[in-house]
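Please read the structure below before turning to the comments.
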């Protein structure tokens, strides 16, 4: 994956879930204790983001699945599963903390050898 660094932000994030389990997220998923993802106000739903805890250096890649947070200056809400993926026991242990949220994009598919400029497929006799 390639980092899309112009949008990386380290800021306060929180966790959400227990009171909302069973509800649908903005992306249409039903939120459960094992649903990975984050809520973000502006990043497109389905976007991949790399979350890195500057204190522990632990990092995970997950998707934007919901909208929010709507509390204070928080930049994202992490699902309970995502807080676990970052190494926390549960959402209570996670609390509110600064996390680096960096959108990522998947690498473009590698071109076939005959699509690379100056290369031709080897078929038949050489010229």
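In the working numbering, the protein residues as written are 1034 to 1160.
Every residue gets a Cβ at the ideal spot worked out from N, C-alpha and C, and that includes glycine.
N- and C-terminal bounds of the alpha helix (DSSP H) containing residue i
{"i": "residue 1118", "result": "1113-1118"}
{"i": "residue 1126", "result": "1124-1127"}
Within 8 Å, strictly: CB atoms of residue i and residue j
{"i": "residue 1070", "j": "residue 1115", "result": "yes"}
{"i": "residue 1060", "j": "residue 1124", "result": "no"}
{"i": "residue 1097", "j": "residue 1118", "result": "no"}
{"i": "residue 1089", "j": "residue 1050", "result": "no"}
{"i": "residue 1120", "j": "residue 1091", "result": "yes"}
Burial state of residue i, where buried means 16 or more other Cβ atoms lie within 10 Å
{"i": "residue 1156", "result": "With a pLDDT of 45 at residue 1156, under the threshold of 50, the modelled position of that residue is not reliable, and the figure given next carries that caveat. Residue 1156 should be labelled exposed."}
{"i": "residue 1127", "result": "buried"}
{"i": "residue 1134", "result": "buried"}
{"i": "residue 1082", "result": "buried"}
{"i": "residue 1110", "result": "buried"}
Per DSSP, the bridge partner or partners of residue i
{"i": "residue 1092", "result": "1085"}
{"i": "residue 1057", "result": "1063"}
Run of the beta strand (DSSP E) containing residue i, from where it starts to where it stops
{"i": "residue 1049", "result": "1042-1049"}
{"i": "residue 1130", "result": "1130-1138"}
Proximity winner among the options, relative to residue i (alpha-carbon distances)
{"i": "residue 1095", "options": "1084, 1073 and 1077", "result": "1084"}
{"i": "residue 1101", "options": "1046, 1041 and 1042", "result": "1046"}
{"i": "residue 1099", "options": "1105, 1106, 1086 and 1074", "result": "1074"}
{"i": "residue 1066", "options": "1104, 1052 and 1105", "result": "1052"}
{"i": "residue 1041", "options": "1058, 1068, 1064 and 1086", "result": "1086"}
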